[in-house]
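Colleague: Below are the structure tokens for one structure; questions will follow.
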Amino acid sequence: MHMLRYTSEFCESVAKIHQNIAIAAWLEKGKAIAWYVAPEIPIPAEDKQVSMGIQAELIKPILKTNEDYFGKNRYMMLSQENADMFMFPTDDPDHLLTRVVARPYDHNELAEKVMARLA
């Protein structure tokens with residue numbers, strides 16, 4: 001993947017896919033290196049950001065172990081009461097694109113559009 005994609009501008013372009021996308025961020029080894037946060041969304045405190053990044057890094061290799069059976073991992077989704085988080089692994093194992101979206105939205109449509117941007 002070209003380094004230009006690891007930018008806040010790229011994150012904003014992903015967020016513009018749907019009005020309910022609140023956050024889009026690039027993580028590098030669990031640390032946010034570029035992001036877009038919608039104007040009305042509070043930015044998590046730095047310690048919370050670190051914790052969330054570590055959690056994403058822990059999940060990624062666990063799911064990779066099933067690729068021999070299910071095929072390549074396209075994305076991971078976590079659904080919570082107030083929002084859903086998607087994590088899109090890249091060919092570069094150090095980088096992960098995350099996206100937080102509030103409902104309602106079409107799950108498959110949004111996932112396909114983000115994967116197309118990453119292709």
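Under the UniProt record's numbering, the first residue of the sequence shown carries the number 1, and numbering increases by one thereafter.
For every residue, glycine included, the Cβ atom is placed at its ideal position computed from N, Cα and C.
1. When the Cβ atoms of the segment 104-114 are set against those of the segment 37-49, are three or more pairs found closer than 8 Å?
2. With a threshold of 6 Å on Cβ separation, who are the neighbours of Lys113 within its own chain once the five nearest residues in sequence on each side are excluded?
3. Note down, in chain order, each residue of its chain lying with its Cβ closer than 7 Å to the Cβ of Ala111, except the 5 sequence neighbours on either side.
4. How would you label Pro89, buried or exposed, when you count the other beta carbons within 10 angstroms and need 16 or more for buried?
5. Looking at His95 and Glu12, is the spacing between their C-beta atoms short of 8 Å?
6. Based on DSSP bridge pairs, tell me the residues matched to Ala116.
Modeller: The short version:
1. no
2. So the list reads Ile17, once near-sequence residues are dropped.
3. Tyr75, Phe86
4. buried
5. The criterion of a C-beta distance shorter than 8 Å is not satisfied by Glu12 and His95.
6. BP columns for Ala116 are empty, so no partner.
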